[in-house]
Amino acid sequence: MKLRFTKMHGAGNDFVVINGIDQKIRFTPEQWRFLADRRFGIGADQILLVEKTTKKSADFRYRIFNADGGEVEQCGNGARAFVRFVTDQGMTDKHRIKVETMAGIIELQLEKNGNVTVNMGPPVFEPENVPFDTTGLRGHAEQRAMLWPLYFENDGQKGKNLMLSVLSMGNPHAVLLVDSTEKAPVAQEGPVIESHRRFPNRVNAGFMEIVDRNRIKLRVYERGAGETLACGTGACAAVVSGICRGLLDSPVNVMMAGGELLIAWEGEGNPVMMTGPAVRVFDGEINM
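Using my numbering, read the sequence shown as starting at 2 and increasing by one per residue.
As structure tokens, this is what we get:
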């Protein structure tokens, strides 16, 4: 079949977006991996699929496939690309839409300046709902945050405990506070945290540097994709962690290699609001 697609990005986090309403899409994990492959396919951090929803409270269904072919619950930068795509394609004339995801329904708003604001819903802290196995662990309370020790071994070196904030933004996140994102051992510690046995569904590992009370720098090693130029849910998780630890005040500018996002959160029980760009790069076709 000849597959029509649009290449997009949000702060450098890049996507292949596919209209699954006008095209019949039933791909295997191998085919998703092919599309994401930067040498033999199109190339992307994630593939985003637009589908019809069966939910009366939603306008569309939004599915996300990582570069490794696995389907995941949520992608914040992808959500912004999603609303830009359905608007540009004339699939809706609404500036505010509700979208069904594996993690629940989220609300997206296209701003007049072209940015997109996403209501990501409230963060989830209960370990069993992240999910995160705390068997035998003792958490450490810091302000309103709970930090968890994660035992880390690397290349036979003596093990150490990393103190992490663990939460879900529709997908699992572990946030580590570092002195410098530039010097942070993302390539070494990221994959170990991502696949740690304490996270049965794996986890996105964030490395956060506090600049001041309204600015942070962030690098994220995403599950199934590796380190990306930006991660929307990772930015949300980092800001929530920093506010709970008494280190940040809302709103917070999150600076990543691919650009900046603005994250606002008014505290427990309230939704996290993420605002940032969504850019169409090109349209294309590929034989599948």
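Just so you know, even glycine gets a beta-carbon here, dropped at the ideal spot from N, CA and C.
| Query | Result |
| --- | --- |
| Status (buried if at least 16 other CB within 10 Å, exposed otherwise) for Tyr152 | exposed |
| Lys53 versus Arg62: straight-line alpha-carbon distance, rounded | 6 Å |
| For Asp46, three-class secondary structure by DSSP | coil |
| Cβ-heavy atom distance, Phe61 to the ligand NAP, below 8 Å | As far as ligands go, the structure on display features none, and thus does not contain the ligand NAP. |
| Ile194 - DSSP class collapsed to helix/strand/coil | helix |
| Residues bridged to Gly285 [DSSP beta-bridge criterion] | Phe6 |
| Gly11 versus Leu262: straight-line alpha-carbon distance, rounded | 9 Å |
| Distance, Thr88 Cα to Lys113 Cα | 13 Å |
| Rounded straight-line distance, which links the Cα of Ala236 to that of Arg246 | 15 Å |
| DSSP bridge partner residues for Ile211 (one or two, in chain order) | Ile217 |
| Where Ala238 sits in the DSSP three-state scheme | helix |
| Simplified DSSP state of Ile264, which is helix, strand or coil | strand |
| 8 Å contact criterion, which Ile26 and Leu50 should meet: CB distance rounded | 6 Å |
| The beta strand (DSSP E) enclosing Phe83, as first and last residue numbers | Not the beta strand (DSSP E): Phe83 falls in the alpha helix (DSSP H), residues 77-89. |
| Residue burial classification, Gly137 (beta-carbon count within 10 angstroms, cutoff 16) | exposed |
| Same chain only: Cβ atoms within 7 Å of Asn120, ignoring 5 sequence neighbours per side | Ile107, Glu108, Pro272, Met274 |
| Cβ separation of Ile217 and Ala239, assumed to be a contact under 8 Å, to the nearest whole Å | 6 Å |
| C-alpha distance - Phe6 paired with Ile43, whole-angstrom precision | 10 Å |
| Cutoff 7 Å; reference Phe35; Cβ partners in own chain excluding five residues on either side | Phe41, Gly42 |
| Length of the line joining the Cα atoms of Tyr222 and Glu228 | 4 Å |
| For Trp266 and Asp250, the rounded distance between their alpha carbons | 9 Å |
| For Arg39 and Pro150, the rounded distance between their alpha carbons | 36 Å |
| Where Asn116 sits in the DSSP three-state scheme | coil |
| Burial state of Pro173 (16 or more Cβ within 10 Å) | buried |
| Nonlocal neighbours in the same chain, by C-beta distance under 6 Å from Gly122, ignoring five residues either side | Pro272 |
| Rounded straight-line distance, which links the Cα of Met147 to that of Lys8 | 39 Å |
| Collapsed DSSP secondary structure at Gln110 in the structure displayed | strand |
| C-beta atoms of Gly207 and Gly13 nearer than 9 Å | no |
| Selection from Glu190, Phe133, Ala175 that minimises the alpha carbon distance to Cys232 | Ala175 |
| Rounded straight-line distance, which links the Cα of Thr182 to that of Met257 | 10 Å |
| Asn130 (DSSP reduced to helix, strand or coil) | helix |
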